[in-house]
Every structure is written in structure tokens, then in C-alpha cells.
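Q:
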Amino acid sequence: AAVAGYRSSLGSDGPPGCYEDIDHADVVLVIGSNMAEAHPVTFDRLRTSKRNRPDQKVIVVDPRRTATCAIPDLHLPMAPGTDVAFLNAVGRLVVQMGRADEHFIGFHTKGFVEYVAFLMSQPLDELVATCGVPRSQIEHAAKLIGKSKAFLSFYCMGVNQSTLGMWKNNSLINLHLLTGQIGRVGAGPFSLTGQPNAMGGRE
């Protein structure tokens, strides 16, 4: 799903970022990953960054309260299988807040009008109800992401191992494209590998 998500969204398979981005991001989203236990070295770097820069915001989306939930400013215990609804709700709210990066969109994307029409065709209350968390929490996440100057996301098997895995990847990558948070320091959709050398094996 990570391969298909990157290829169908960006035309190339490969995370458009690096671990140094952790040290420069002002908002980090962790979704579909218990990073603390599955990727402890990466998590330690994020925890250290958060400790050194208390203003850095961390959002964790996970139905369970895992060890990763020790550091976030916002934990969203979404109902299982609602990642697309959540990401679309955040995207819609970002558009409504006027936080879409129109300059980036105009020069580097296609299909923006259709994407916004798709987002607006989905009643926000229904998306929120699907997620199973208070609307205020989703709005808080959207404000953090929308106002961010460097938005970085980490995701893994909780997003990828699904019959909708590619669509979940697309929804997250679209959020980065919507806000222009890609191809810059501290920003980008970063797929964590699920197995040793998964990226090398794909290449």
C-alpha cells in the first residue's frame, strides 16, 4: 500500500523526507504506528526533539493508548478503520480555514478542484461520527496541521495493511499536498518500513 500510495500520488515510490526532518518539524502526526515499540530508535529521536523543543506538537492517532501515547499533545483514539474519514475531515477543515497553500497547489499539483469538491461532498458531521471522537479534537488537529510551518507525518502497518491501504496513503499524502507540506525541511509523508530493509527490497 505504501508503494502504491506514493506512486499513485507522487509518481515515485520513496519517502520524500529524512530522519533529520524530525528535528525541524513543528507538528508531527503519528498514525497507524506504535512507534515507541515498533520503531524505538525513531521514537527516541522524536521524544528527544520534543523534549528539546517543547513547542513542537505531536499528534497520535491510535484506537489504543500505547507507549507512543506518552509524548503527544493530542491523542485521538479513533474507531478502527476510520483513517480515511479522519484525514478527509481534516482536509475539509483545512480548506474551510483558508489554509490551503494555493501557490504550491497551482504550481505542483493537479486535480485540486476535484479533490475539494470530493471533500465538500462529505458531510462533516458524518465524518466525525464515523471517527468516534469529539469534533473538537478533530478541529484541534486540523488547526495544528493547517497552521503548521513544517508538518511531518509517520505511518506504518496500521495504515498500510488494509484493503483500503492505498486510499489511506492517498488521503494522507493529499493532506501534505493541500498544505504544501512536502519537499521542504521538516515536512513530508514518511512511511515507516514494516520489515527490515523493506525500502531496499522495493528498490
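Quick note on numbering: the numbering used here labels position 34 of the sequence shown as 692, and the sequence is numbered without any gaps. A virtual CB, placed ideally from N, CA and C, is assigned to each residue, including glycine.
So the alpha helix (DSSP H) L835 belongs to, where does it begin and stop?
A: It spans 823-837 - the alpha helix (DSSP H) in which L835 sits, taken as one unbroken run.
Q: Would DSSP call H798 helix, strand or coil?
A: Three-state result, H798: helix.
Q: Please classify D783 as buried or exposed, where buried requires at least 16 other C-beta atoms within 10 Å of its C-beta.
A: It is exposed - the Cβ of D783 has fewer than 16 other Cβ atoms within 10 Å.
Q: In the DSSP assignment, what are the bridge partners of S811?
A: Paired residues: L687, P847.
Q: Taking the runs of the alpha helix (DSSP H) that are 4 residues or longer, which of them lie wholly in the segment 678-751?
A: The qualifying runs are 693-696, 698-710.
Q: Taking 8 angstroms as the cut-off, does the segment 806-822 touch the segment 679-696 (at least 3 CB pairs, one atom from each stretch)?
A: With a cut-off of 8 angstroms, the segment 806-822 and the segment 679-696 count as touching, because enough Cβ pairs lie within range.
Q: Nearest-angstrom Cα distance between Q754 and V774?
A: Answer to the nearest angstrom: the Cα atoms are 10 angstroms apart.
Q: Thinking G663 and N832 are a contact (beta carbons under 8 angstroms), I'd like their distance in whole angstroms, please.
A: Actually they do not touch by this definition, with Cβ atoms about 10 angstroms apart.
Q: With three or more C-beta pairs closer than 8 angstroms as the rule, is the segment 776-791 touching the segment 720-737?
A: Segments in contact, yes.
Q: Along the chain, where does the alpha helix (DSSP H) containing R665 start, and where does it finish?
A: Run containing R665: 660-668, per the alpha helix (DSSP H) assignment.
Q: By the 10 Å Cβ neighbour count, where 16 or more other Cβ atoms means buried, how is M736 classified, buried or exposed?
A: Burial call: buried.
Q: Answer yes or no: do L836 and G749 have a C-beta to C-beta separation smaller than 8 angstroms?
A: Closer than 8 angstroms, so yes.
Q: Please report the straight-line C-alpha distance between S670 and T740, rounded to a whole angstrom.
A: Their Cα atoms are separated by approximately 26 angstroms.
Q: Taking the alpha helix (DSSP H) that M778 falls in, what are its first and last residues?
A: M778 -> alpha helix (DSSP H) spans 770-778.
Q: Give a yes or no on whether the C-beta atoms belonging to G848 and P673 are separated by under 8 angstroms.
A: Note on residue identity: the sequence assigns Phe, not Gly, to residue 848. Taking 8 angstroms as the Cβ cut-off, F848 and P673 qualify as a contacting pair.
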